[in-house]
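Sequential numbering from 1 applies to the sequence shown in UniProt numbering.
The beta-carbon is built from N, C-alpha and C at its ideal position, and this holds for glycine as well.
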Amino acid sequence: MWAVLCIALLLPACGYQLTARAPIQLPQDSTRLYLDKVTNPTTETWIEPMLRSSLRDELTRRGNVTWVSRDEAEATVNIDVRSYSTSDSLKGRDDVTLKSAASIQMVVTFFSTKTNALIWTSGPILASESFRGASEIQSSSGTLQSTSAKREATQEAVDLAVRKVADQLGQKF
């Protein structure tokens, strides 16, 4: 136990950081951003505000970003959801789902507001999070759709995807 504590205390002194806390370098040092479009071809309309909120929070925390109107922005940011799905990954007896997964694939792009040119792209980002239980649960009054576990897993998958985007911004480009 003592050795683990010493290592945990020494790693930050050596320059190692957890990536979720590492600062990021924004394209062309653009810190005044406008989150423009979220293209979401899925039927899950609640994903768009989830993505907007998660990206804003992550870039603000790690990039010293100020979110401004389009007229004041140095760069616009777009999110393109390529796919979102939930799938059963483990079935038990009687074909009852024991474990499912929520997956999202997306691309984040930055455009210069001066030239409208693409200044950075994340490329395809894929994140997945598993959750327990079936997509439907049985109650005494009939079958009910269980969405809370699915939504929580989706939020975690979205947060992971956004962290991956920020991690790429943390690398020199």
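| task | On a CA-only basis, which of M106, Q25 and F131 is nearest T42? Give me that one, please. | result | M106
| said: Give me, in chain order, the residues of the same chain whose beta-carbon lies closer than 7 Å to that of L118; leave out the 5 immediate sequence neighbours on both sides. | reply: T109 and F111
| task | Could you give the DSSP three-state label for Q171: helix, strand or coil? | result | coil
| query | To which residues does DSSP link W120 through a beta bridge? | reply | F110
| query | Using a C-beta cutoff of 9 Å, does V77 count as contacting chain C? | reply | In the structure shown, chain C cannot be found, because there is only a single protein chain.
| task | Can you tell me which of the three DSSP states A101 falls into? | result | strand
| Sequence-distant residues of the same chain with beta carbon closer than 7 Å to residue 235, five excluded per side | Here the chain covers residues 1 to 173 and nothing more, so residue 235 does not appear.
| What residues match up with D159 in a beta bridge as DSSP calls it? | Answer by DSSP bridge pairing: none, since D159 is not bridged.
| request: Please look up how many angstroms separate the CB atoms of W67 and L26, rounded, as I've assumed it's under 8 Å. | output: 13 Å between Cβ atoms; not a contact.
| query | Where does D94 sit, in a helix, a strand or coil, going by DSSP? | reply | Residue placement at D94 is poorly supported in this model, since its pLDDT is 49, which falls under 50; the coordinates still yield a value, given next. Three-state DSSP puts D94 in a helix.
| request: Can you say whether D57 is buried or exposed, counting buried as having 16 or more other CB atoms within 10 angstroms of its CB? | output: exposed
| The beta strand (DSSP E) enclosing D36, as first and last residue numbers | R32 to T39
| said: Can you look up I79 in the DSSP assignment and give me helix, strand or coil? | reply: strand
| A22 and D167: beta carbons closer than 9 Å? | yes
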